[in-house]
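Asker: Chains as they are written, first to last, in the numbering used here: chain A, 24 to 517; chain B, 352 to 716; chain C, 246 to 482.
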Amino acid sequence: MRRYRIRKDDSCVSCLRCVSECSFGAITASENRTLVFHHDKCVDCQRCVSFCPAGAIYITEDENRFRENSVFRKDDISEIILQAETGGVLLSSMGAREKNIPVYFDRMLLNASQVTNPSIDPLREPMETAVFIGQRPEKIQRDKEGRLINNLPPHLELKTPILFAAMSYGAISLNVHKALAAAAEELGTYWNTGEGGLHESLYPYKENTIVQVASGRFGVHETYLNTAAAIEIKIGQGAKPGIGGHLTGRKIIGDVSRTRMVPEGLDAISPAPHHDIYSIEDLAQLVMSIKEATHYRKPVMVKVAAVHNIAPIASGIARSGADIISIDGYRGGTGAAPKRIRDNVGIPIEFAIAAVDQRLREEKIRDRVSIIASGGIRNSADTVKAIALGADAVSIGTAALCALGCHICASCHTGRCAWGIATQDPELTKRLDPEKGAKRLVNLMNAWTREIKEIMGGMGINSIEALRGNRMALRGVALNEKELEILGIRYAGE
Amino acid sequence: MKKEGEVRISSGCAISGIFCRDGRRITGEAIKKSIKVMHNRSNGLGGGFAGYGIYPQYKDYYALHVFYDSQTSREETERFLDRRFDIINLSKIPVRQTSAIADAPLIWRYFVSPLPHMLQDSQLDEDEYTSLAMIRINDSIDGAYVVSCGKDMGVFKAVGYPEDVADFYRIEEYEGYSWTAHGRYPTNTPGWWAGSHPFSLLDLTVVHNGEISSYDANRRAVEMYGYSCNLLTDTEVITYILDYLTRKQGLTLEECSHVIAAPFWSTIAATEDEDERNRLSYMRNMFSSFLITGPFSILVGFSGGMMALNDRLKLRSLVAAEKGHTVYFSSEEAAIRVIEDNPDRIWAPRGGEAVIVTLEKEAGR
Amino acid sequence: MKVVDIRKDGIDGIRKHENEEISVTGCLGERYIGCGMKNGIMHIAGTPGNAIASYLDGGSIYVDGNVQDAAADTMNAGLLAVNGSAGDALAYGMRGGRVYIRGDAGYRAGVHMKAYVDRKSILVIGGRTGSFLGEYLAGGIIIVLNLDERKDITGYFCGNGMYAGTIYLRTQCPPVNLSDKLITRNVGKEEMESVIRPLVTDFASVFSLSAAKCLEGRFMAVEADKSKSYSQLYAAV
Numbered sequence: 024m025r026r027y028r029i030r031k032d033d034s035c036v037s038c039l040r041c042v043s044e045c046s047f048g049a050i051t052a053s054e055n056r057t058l059v060f061h062h063d064k065c066v067d068c069q070r071c072v073s074f075c076p077a078g079a080i081y082i083t084e085d086e087n088r089f090r091e092n093s094v095f096r097k098d099d100i101s102e103i104i105l106q107a108e109t110g111g112v113l114l115s116s117m118g119a120r121e122k123n124i125p126v127y128f129d130r131m132l133l134n135a136s137q138v139t140n141p142s143i144d145p146l147r148e149p150m151e152t153a154v155f156i157g158q159r160p161e162k163i164q165r166d167k168e169g170r171l172i173n174n175l176p177p178h179l180e181l182k183t184p185i186l187f188a189a190m191s192y193g194a195i196s197l198n199v200h201k202a203l204a205a206a207a208e209e210l211g212t213y214w215n216t217g218e219g220g221l222h223e224s225l226y227p228y229k230e231n232t233i234v235q236v237a238s239g240r241f242g243v244h245e246t247y248l249n250t251a252a253a254i255e256i257k258i259g260q261g262a263k264p265g266i267g268g269h270l271t272g273r274k275i276i277g278d279v280s281r282t283r284m285v286p287e288g289l290d291a292i293s294p295a296p297h298h299d300i301y302s303i304e305d306l307a308q309l310v311m312s313i314k315e316a317t318h319y320r321k322p323v324m325v326k327v328a329a330v331h332n333i334a335p336i337a338s339g340i341a342r343s344g345a346d347i348i349s350i351d352g353y354r355g356g357t358g359a360a361p362k363r364i365r366d367n368v369g370i371p372i373e374f375a376i377a378a379v380d381q382r383l384r385e386e387k388i389r390d391r392v393s394i395i396a397s398g399g400i401r402n403s404a405d406t407v408k409a410i411a412l413g414a415d416a417v418s419i420g421t422a423a424l425c426a427l428g429c430h431i432c433a434s435c436h437t438g439r440c441a442w443g444i445a446t447q448d449p450e451l452t453k454r455l456d457p458e459k460g461a462k463r464l465v466n467l468m469n470a471w472t473r474e475i476k477e478i479m480g481g482m483g484i485n486s487i488e489a490l491r492g493n494r495m496a497l498r499g500v501a502l503n504e505k506e507l508e509i510l511g512i513r514y515a516g517e
Numbered sequence: 352m353k354k355e356g357e358v359r360i361s362s363g364c365a366i367s368g369i370f371c372r373d374g375r376r377i378t379g380e381a382i383k384k385s386i387k388v389m390h391n392r393s394n395g396l397g398g399g400f401a402g403y404g405i406y407p408q409y410k411d412y413y414a415l416h417v418f419y420d421s422q423t424s425r426e427e428t429e430r431f432l433d434r435r436f437d438i439i440n441l442s443k444i445p446v447r448q449t450s451a452i453a454d455a456p457l458i459w460r461y462f463v464s465p466l467p468h469m470l471q472d473s474q475l476d477e478d479e480y481t482s483l484a485m486i487r488i489n490d491s492i493d494g495a496y497v498v499s500c501g502k503d504m505g506v507f508k509a510v511g512y513p514e515d516v517a518d519f520y521r522i523e524e525y526e527g528y529s530w531t532a533h534g535r536y537p538t539n540t541p542g543w544w545a546g547s548h549p550f551s552l553l554d555l556t557v558v559h560n561g562e563i564s565s566y567d568a569n570r571r572a573v574e575m576y577g578y579s580c581n582l583l584t585d586t587e588v589i590t591y592i593l594d595y596l597t598r599k600q601g602l603t604l605e606e607c608s609h610v611i612a613a614p615f616w617s618t619i620a621a622t623e624d625e626d627e628r629n630r631l632s633y634m635r636n637m638f639s640s641f642l643i644t645g646p647f648s649i650l651v652g653f654s655g656g657m658m659a660l661n662d663r664l665k666l667r668s669l670v671a672a673e674k675g676h677t678v679y680f681s682s683e684e685a686a687i688r689v690i691e692d693n694p695d696r697i698w699a700p701r702g703g704e705a706v707i708v709t710l711e712k713e714a715g716r
Numbered sequence: 246m247k248v249v250d251i252r253k254d255g256i257d258g259i260r261k262h263e264n265e266e267i268s269v270t271g272c273l274g275e276r277y278i279g280c281g282m283k284n285g286i287m288h289i290a291g292t293p294g295n296a297i298a299s300y301l302d303g304g305s306i307y308v309d310g311n312v313q314d315a316a317a318d319t320m321n322a323g324l325l326a327v328n329g330s331a332g333d334a335l336a337y338g339m340r341g342g343r344v345y346i347r348g349d350a351g352y353r354a355g356v357h358m359k360a361y362v363d364r365k366s367i368l369v370i371g372g373r374t375g376s377f378l379g380e381y382l383a384g385g386i387i388i389v390l391n392l393d394e395r396k397d398i399t400g401y402f403c404g405n406g407m408y409a410g411t412i413y414l415r416t417q418c419p420p421v422n423l424s425d426k427l428i429t430r431n432v433g434k435e436e437m438e439s440v441i442r443p444l445v446t447d448f449a450s451v452f453s454l455s456a457a458k459c460l461e462g463r464f465m466a467v468e469a470d471k472s473k474s475y476s477q478l479y480a481a482v
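#1: Following the continuous beta strand (DSSP E) through residue 449 (chain C), name the residue where it begins and the one where it ends.
#2: I'd like the span of the alpha helix (DSSP H) that includes residue 489 (chain B), first residue to last.
#3: Would you mind reading off the limits of the beta strand (DSSP E) that contains residue 576 (chain B)?
#4: May I ask which residues mark the beginning and end of the alpha helix (DSSP H) holding residue 520 (chain B)?
#5: Exposed or buried, residue 716 (chain B), counting other C-beta atoms within 10 Å across all chains shown (16 or more means buried)?
#6: Strictly under 8 Å for the Cβ-Cβ distance: is residue 292 (chain A) near chain C by that measure?
#7: Whose Cβ in chain A lies nearer than 7 Å to the Cβ of residue 571 (chain B)?
#8: Let me see if you follow: with CB-CB separation under 8 Å, is residue 501 (chain B) close to chain A or not?
#9: What are the residues of the stretch 355 to 380 of chain A that lie near chain C, defined by any Cβ-Cβ distance shorter than 9 Å?
#10: What are the residues of the stretch 530 to 551 of chain B that lie near chain A, defined by any Cβ-Cβ distance shorter than 8 Å?
#11: Using only alpha-carbon positions, find the residue among B:704, B:682, B:360, B:703 that is nearest to residue 382 (chain B).
#12: Count Cβ pairs between the stretch 299 to 309 of chain A and the stretch 394 to 409 of chain A that sit closer than 8 Å; are there 3 or more?
#13: Look up residue 493 (chain A) in the DSSP assignment and say whether it is helix, strand or coil.
#14: How would you call residue 425 (chain C), buried or exposed, if buried means at least 16 neighbouring beta carbons within 10 angstroms?
#15: Does any residue of chain A bring its CB to less than 8 Å from the CB of residue 633 (chain B)?
#16: Give, in chain order, every unbroken run of the alpha helix (DSSP H) that is at least 4 residues long and sits entirely within the stretch 232 to 265 of chain A.
#17: Using the Cα positions of residue 328 (chain A) and residue 351 (chain A), report the straight-line distance between them to the nearest angstrom.
#18: Closer than 8 Å by beta-carbon distance: list the chain A residues that pair up with residue 628 (chain B), in chain order.
#19: Do we get a CB-CB distance below 8 Å when we pair residue 374 (chain C) with the residues of chain A?
#20: Taking a Cβ distance cut-off of 8 Å, strictly less, list which residues of the stretch 257 to 290 of chain C are near chain A, in chain order.
#21: Could you compute how far the alpha carbon of residue 407 (chain A) sits from the alpha carbon of residue 433 (chain B)?
#22: Measure from the alpha carbon of residue 457 (chain C) to the alpha carbon of each residue in C:361, C:475, C:343, C:443, then state which is nearest.
#23: I want to see whether chain B comes within less than 8 Å of residue 159 (chain A), judged by CB atoms only; does it?
#24: Would you say residue 407 (chain C) and residue 382 (chain C) are within 8 Å of each other, going by their C-beta atoms?
#25: Could you tell me which chain C residues have their CB closer than 7 Å to the CB of residue 109 (chain A), listed as they occur along the chain?
#26: Nearest chain A C-beta to residue 317 (chain B) closer than 8 Å, yes or no?
#27: Taking 8 Å as the threshold (C-beta atoms), are residue 510 (chain B) and residue 396 (chain B) in contact?
#28: Residue range of the beta strand (DSSP E) that residue 383 (chain C) falls in?
#29: How would you write the range of the alpha helix (DSSP H) that residue 467 (chain B) sits in, first residue to last?
#30: With 16 as the cutoff for other CB atoms within 10 Å, does residue 662 (chain B) come out buried or exposed?
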């Protein structure tokens, strides 16, 4: 299926760098060092463009168009053709791309102080972005002398309200994990192993590691649970709510196999549900069994996809003994998901945050749990808006990968990632230097944190907790009454 | 035009307070004089006073000050009260008509105590029973608003300059051991008298200067615990937070100050005493939803005491002074000097540092 | 042997005796017994609660009576031997060690059991099982002996979605409605001697049963049809 067209101009010096960079076989060289373009293999990952020393390569949308049709668009037709040929379920990756679903973050604008209270200059005045996430008891306790007893369960301390989202070793390379882990340590935040286990070389980062327990239970054992700052039970993810996972045997090689504790070459399948959780009280059982196994020293998180009923689901999770609820919205990324699921299931994270935060308040348990939101957080402004809607912190997956080179070509499921991210091919994974990667992630997070401080300072808020759920900080544009009502915000000008 | 509560109105303000630690009761004359000095900090759209120790003959009864828009709302409220409380005394609050104060609602005063069998059936303590009933009146009886409902105390407020409000309510005729006052500078007209300050719940009253930036985070947090912020003012939300933290969580007011004006994490980290460090860190973490950011200086009145507190960056002015057994707080030094030109000590409390004074014969709250 | 009365000492009372051999009495629904245990031997009387032996990492747990749901969840090593029966979701995601059930297992026993290098999860059931036995099986061995010779040895949908490992059934007829992605075959003599006999002999010795009786008759194996990979279901866009 041809989507893109590769071209070059006269400035090409025939160095063949593009040939060696292209991992999809879209550019090859003939014997006399002339370039041959295989347009149908190009995924528009921009690797050749980025590395062409002469700036001679262009990737464009193929201008050969199907006849315009307002109902059946080009992709619709191409996909029908593909399915007619293969009989297969369409498989894709990264986040949902349905253009008709708005990005609601873009329809909310932030406030700033003018006259009635002062804005604060974050470069000169203290500005606090540290967040503690975890459970809070309902009441204080005092000892016989009347001194306060510290009855807080274990918490995670984040220097900035951004974590790295769960991405499994297998779906992404070890070098990506290394970069994430090292960056999390330097930033004072956390990275998340995803469901593919924790490579032994990363054990030293345990203070900044969140390990995941998903339905496949890959690499889950007592040591794994205890080599972490927190444990996340993954129920679902925004890109494919209600759908399990399938890492093909091709990617289960070497250390991936060792880390997942799955024999080489054997598919790693994550069942759609946890078969020990068919009901909310079963979740409570799994939460508590993990707490038992970790001696109540670590917070337990539960990650769910934002689905229609997310508010009562979150309320149930909050009552299950979980310390933190992680909600992944409709636009959340993935290494591979059925396209129809990715693009048609779930709800945008903005609504999910607003609905969950409001419901937990109505149930008087908002202060008891923390909420992490994810699924399409692109920048610091999205982060601030998510927190003002009611999240304690956000996590970023796609944005972190972009910092490492990803251009969102959505070809992760092919295993041929030219940027060395979503692949296990040693020739490709070595393209990503984990140290340089960590540095870039640190730069990105520091830049966002600075921007968050600027935004907070403008609003006269000098501590991130005073921003949490502070919906007066938001105003809507291009939203209808119902959307405003669910988001719990007023229209611009109101 | 929308009235206060339907819109959020920002305000600048003046505040002042006098507290006699020996329990000596003074008339409202002094506090009026003090707040009047700061005339320029108000704009005539709100003023008010809280006095403690003013109803010694009824000190065991809840004193309700209520605004009514109409006789109908009064009748409805009285029927509501009758079913739940023993009404010992009821009367209009005496006022002096002045040209400076217009559009007065009906202003009534009741001395009540909960009906014993109703109280017992509710399984609540007397304070909770009373506060729930008052919140219910404000929430659901159209045109009725309970201005204050504590014992041996009362709030007098109106739309106007504070010194005119004082004349209107004849506060020079009341004697109390503790007085606070507020002059308001709202950006919009509040539309009704309830929006003026002090704001109160039971015996807790708050006057406040500044506009907090954490408002909606705080409001949504405190509304979780059964409070209903009808006025959308900072003072209201601060009052409810303090009521929640003291009455429902059992914190002392000093501990409350470590919640609402929590020290910066860097300050906590630099605290040498480990127990203190852990305590501060615990308080901030446990009650993170109640951290108040943005400028504020507040005076909190309660039975037997008063607290003055600034935000942690000290974005609003606050001056304190002492003379013998009397303590003064005010937005400006001049407002203290006008009533006590030679104090023993005069100082500006630091940001986030609560100054709490109590009657000498009573233990602190 | 130390005796721990769980009603008095609670789960913490058990924890104190890690690495020892203890007898635990009076169990009635206490969850997470032996959760994450690495060493030691436990003899359990009464009815322990859900998630017994979850994340078990070594040692042995012997239960006199029945166990409830989610026993041996994500177990990694060691032995859980139950003289009675087990509830639902037995040995979910188990990776290593042995789970022996003298009686029956409930629905969804051995779902997503695995094997890895020297770890191989072994689940032997003396009676019969509920439906969805060994669903998603990714490795390891499940043996169902049906010692009481009842009908309907595994219920419906045995081994649905399994892609590795083997389920052995002591029966002559294949289970009903088996997925088309599975194959069944009769177990030959060599496999019988090298795989089944040692495991069943060990099982029999734990419960003092006659190994010969347990091995009587023919065994049938259920395995994934490797020619039908799930990857074939997809078309990359």
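Cβ atoms here follow ideal geometry from the backbone N, Cα and C, with glycine treated the same way.
Answerer: Short version:
#1: From DSSP, residue 449 (chain C) is part of no beta strand (DSSP E) but of the alpha helix (DSSP H) over 442 to 451.
#2: 477 to 491
#3: Residue 576 (chain B) -> no beta strand (DSSP E), and no H or E assigned at all.
#4: 513 to 520
#5: Note on residue 716 (chain B): pLDDT 44, under 50, position unreliable in the model; the coordinate value appears next. Residue 716 (chain B) is buried by the Cβ-count criterion.
#6: yes
#7: 384, 492
#8: no
#9: 359, 361, 362
#10: 538
#11: B:682
#12: no
#13: coil
#14: exposed
#15: yes
#16: 245 to 249
#17: 5 Å
#18: Going along chain A, no residue has its Cβ under 8 Å from residue 628 (chain B), so there is no contact; the nearest lies around 11 Å.
#19: no
#20: 276, 277, 280, 281, 283
#21: 50 Å
#22: C:443
#23: yes
#24: yes
#25: 480
#26: An answer regarding residue 317 (chain B) cannot be provided, because it is not within the stretch 352 to 716 covered by chain B.
#27: yes
#28: 383 to 389
#29: 467 to 473
#30: buried
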